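Novice:
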Amino acid sequence: MLQLQALSKIFAPDIAAIADVSLEVGPGEIVAVVGSSGCGKTTLLRLVAGLDAPTRGAVSLDGEAIHAPHPAIGVVFQEPRLLPWLSVAQNVGFGLMDRSSAERHDRVDAALLRVGLAGYGQRWPRELSGGQAQRVSILRALVTEPKVLLMDEPFSALDALTRASLHDHLLGLWEAQRPTLVLVTHDVEEAVVLADRAVVMQPRPGRIFADIPLDLPRPRDRLSPAFIEAKRVILAALDGSLDAPIARQSAKHATGAWW
Amino acid sequence: MKAPPRSFLNNRLAVGLILPVGAALLYEFAARLGLVEARLLPPPSRVGQTLWSLAATGELWTHIAATMLRLAAGFLIGSIVGILLGALTGASRTASRLLDPTVQALRAIPSLAWVPLFILWLGIFVASKVALIAVGVFFPVYLGVMAAITNIDRKIVEVGRAFRLPPLALTRRVLLPAILPDCAVALRSGLGLGFMFVVAAEIMGASEGLGFLLVDGQQLGKPDQILAAIFVFAVLGKICDGALVAAFRPLLRWQDSFAQSVSRSAAAPIASPPVPAH
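Top line first, the protein sequences correspond to chains A and B. In terms of this note's numbering, the first sequence has 1442 at position 123, counting the first letter as 1, and numbering is strictly consecutive. In terms of this note's numbering, the second sequence has 379 at position 221, counting the first letter as 1, and numbering is strictly consecutive.
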């Protein structure tokens, strides 16, 4: 169980990126965090990953507090961030350096095979397309078998066809290991394709506006009425999140400028 | 039997030789026909003869050895200090604030201005020459390494953090490979300046070395000897630069542009310093 307790992150004295976010994600659950740009989605994910420290609140995984990057939490960034001086196989095995080379080899090969990149192991990252590079990046995070996989708009830079194929790859990988998956996205369709639950965030400061369950059978048909209805509900929540009254800025702004 | 022109143009070495060899042949003919003043600018054949006789007496090797030894010592000292200080100022903001302004101020001094001081301090023999070369090599290496470190992509470093690499492993697996290409370039430009300053140092006073051949040729009116020494400098410079590139190549195979950039850019520039006027 991944727990976020009243997380707040304040960057400058008056700028709260996120305020009081509490969320529980069960084992093997897929949660999509949806919101307009600037609502603190990425900040939230970085706090959960232990890459940044929250100003207030706490993150815990199965009762263990997360203060720093943790072996049970894998991260996939918006860009593939492959290391250009390592081959594709070495990139996938980047987090396996403490294992025997035979085990590393087996795991990397199996992983590449699973996403249709068998035979690409000895290539350089620069030789991959955007979709292939992001697949490698997902493998790099999953090959260590983390309990939680965090993804920060991992498909936002890809074209629609590539994105759809990566959704399938991701669901296949998830099926095999069943990690808890927290996916930040601004793509409503992506949320409905992948997630068991959509958490809609509201900006300034970033807060949770709505928590929408998505009980659709898998595999999901993007053209079914239930799918379209789910999209409509999330879109309505997104609209509502922007119309909601903007939280009052700290009064310091107003009083500090009298001279 | 002629090779088809396409494959000839694809041969890098052959294409690179067209211009110098063509120019040399052209000049040779012009000199033989009496179209140019061969006394001041001797034709390639004369330069070749001079080079041959210098090599035959063994004199040439003494000069090359002297020059290369000074260069090697100066390059080694300059680049090691440059790498260490560049790494320090690149990695630590405090060190950068403390050291960099001073280093930049020193860099603004024309390096030849140190010569009188070095001679006073270190004498007229090898130490002062090595010191001058080291100063010349130091600055480009320092700047290049510092820039390489400050320009490391933080997003890539964060991958190392996400995988919880301890500092030493982060350095070895992420930071060092990331700065390697820029370091190679920095060392190459350092080597180029090393050649420049070895000539300067030897022109200022030496009894052996290729720079001595230059001065000797000027004073005794032997332009063929000057050209022979210049030719040897060109060959040595190209060989040393090529060796440096070759040493880095196995580590930089991943780089898209590396192979091409080597062939595109000429060897590090070897500027001949101004000959003092009488």
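C-beta: ideal position from N, C-alpha, C; glycine also. Keep in mind the model is a prediction, meaning the values are calculated, not measured.
Inspect the beta-carbon positions of B/ILE361 and B/LEU351 and report whether they are closer than 9 Å.
Specialist: No. Outside cutoff.
Novice: Can A/LEU1477 and B/ARG319 be called in contact, C-beta distance under 9 Å?
Specialist: No, they are not a contact pair.
Novice: Select from B/LYS380, B/VAL239, B/PRO325 and B/LEU409 the residue whose C-alpha is nearest the C-alpha of B/ALA342.
Specialist: Selected option, being the one with the closest Cα: B/LEU409.
Novice: Would you kindly work out how many angstroms separate the C-alpha atoms of B/PHE200 and B/ALA224, rounded to a whole number?
Specialist: The amino acid occupying residue 200 of chain B in the given sequence is Pro; Phe does not appear at that position. Taking the straight line joining both Cα atoms gives about 26 Å.
Novice: Does any residue of chain A have a CB that is nearer than 9 Å to the CB of B/TRP412?
Specialist: It does; some Cβ of chain A falls within 9 Å.
Novice: Across which residues does DSSP place B/SER203 in a beta bridge pair?
Specialist: BP columns for B/SER203 are empty, so no partner.
Novice: Please work out which residues of its chain come closer than 6 Å, Cβ to Cβ, to B/LEU209, disregarding the five sequence neighbours upstream and downstream, and give them in chain order.
Specialist: If we look at B/LEU209 and ignore the five residues flanking it on each side, its Cβ neighbours are ALA386.
Novice: Which full runs of the beta strand (DSSP E) of 3+ residues lie inside the region 1380-1420 of chain A, going along the chain?
Specialist: Qualifying beta strand (DSSP E) stretches, in chain order: 1392-1395.
Novice: Against A/TRP1443, what residues of chain B qualify as contacts under a CB-to-CB distance less than 7 Å, listed in chain order?
Specialist: Chain B residues near A/TRP1443: TRP412.
Novice: Comparing C-alpha positions only, which one of A/GLY1559, A/PRO1522 and A/ALA1510 sits nearest to A/LYS1550?
Specialist: Selected option, being the one with the closest Cα: A/ALA1510.
Novice: What are the uninterrupted segments assigned as beta strand (DSSP E) that are 3 or more residues long and contained completely in the region 1521-1555 of chain A, given in chain order?
Specialist: Runs found: 1526-1532.
Novice: To which residues of the same chain is A/GLY1354 closer than 6 Å at the C-beta, ignoring the five residues directly before and after it?
Specialist: Cβ within range, chain order: LYS1360 and MET1520.
Novice: Just to confirm the assignment, what range does the alpha helix (DSSP H) spanning B/ILE337 have?
Specialist: First-last of the alpha helix (DSSP H) with B/ILE337: 334-361.
Novice: Would the beta-carbon of A/VAL1503 fall within 9 Å of that of A/LEU1364?
Specialist: Yes, the Cβ-Cβ distance between A/VAL1503 and A/LEU1364 is below 9 Å.
Novice: When the cut-off is 9 Å and only beta carbons count, does A/ALA1570 lie next to chain B?
Specialist: Summary for A/ALA1570: the model assigns pLDDT 40, below 50, so the residue's position carries little reliability; its value from the coordinates is reported in the next sentence. Closer than 9 Å: no.
Novice: Whether or not the region 1425-1438 of chain A and the region 1402-1417 of chain A are in contact is what I'm after, with contact meaning three or more pairs of Cβ atoms, one per stretch, closer than 8 Å; do they touch?
Specialist: With a cut-off of 8 Å, the region 1425-1438 of chain A and the region 1402-1417 of chain A count as touching, because enough Cβ pairs lie within range.
Novice: Check each candidate in A/LYS1466, A/ILE1385, A/PRO1403 and A/ALA1335 and name the one with the smallest Cα separation from A/ARG1442.
Specialist: Looking at the Cα atoms, A/PRO1403 is the closest of the given residues.
Novice: Using 8 Å as the threshold, is the region 1376-1389 of chain A in touch with the region 1322-1332 of chain A, meaning 3 or more CB pairs across them?
Specialist: The region 1376-1389 of chain A is in contact with the region 1322-1332 of chain A.
Novice: Taking C-beta pairs closer than 8 Å, name the residues in chain A that B/ARG319 reaches, listed in chain order.
Specialist: What B/ARG319 touches in chain A: LEU1370 and PRO1388.
Novice: Which one or two residues does DSSP pair with B/THR215 in a beta bridge?
Specialist: Answer is none; B/THR215 lacks a bridge partner.
Novice: Could you tell me if the beta carbon of A/ASP1471 falls within a distance shorter than 8 Å of some heavy atom in the ligand HEM?
Specialist: In the structure shown, the ligand HEM is absent, as is every other ligand, since no ligand is present at all.
Novice: Would you mind giving the Cβ-Cβ distance between A/LEU1468 and A/VAL1350, rounded to the nearest angstrom? I have them listed as a contact below 8 Å.
Specialist: Not really, about 11 Å apart at Cβ, beyond 8 Å.
Novice: Can you check whether the C-beta of A/PHE1396 is within less than 9 Å of a C-beta belonging to chain B?
Specialist: Answer yes: the Cβ-Cβ gap between A/PHE1396 and chain B drops below 9 Å somewhere.
Novice: Which residue from A/ALA1331, A/PRO1522 and A/GLY1491 puts its Cα closest to that of A/GLY1435?
Specialist: Comparing Cα-Cα distances from A/GLY1435 to each of A/ALA1331, A/PRO1522 and A/GLY1491, the minimum goes to A/GLY1491.
Novice: Restricting to runs no shorter than 4 residues, where is the alpha helix (DSSP H) found entirely within the region 207-295 of chain B?
Specialist: Runs found: 217-249, 251-266 and 273-280.
Novice: Measuring CA to CA, which of B/ALA358, B/VAL356 and B/ALA327 is closest to A/MET1416?
Specialist: Among B/ALA358, B/VAL356 and B/ALA327, the Cα nearest to that of A/MET1416 is on B/ALA327.
Novice: Under 9 Å between C-beta atoms, does A/GLY1449 make it to chain B?
Specialist: Output row for A/GLY1449: interface = no.
Novice: Cutting at 7 Å between CB atoms, please list the residues of its own chain near B/ILE314, excluding the five before and the five after it.
Specialist: VAL332 and ALA336.
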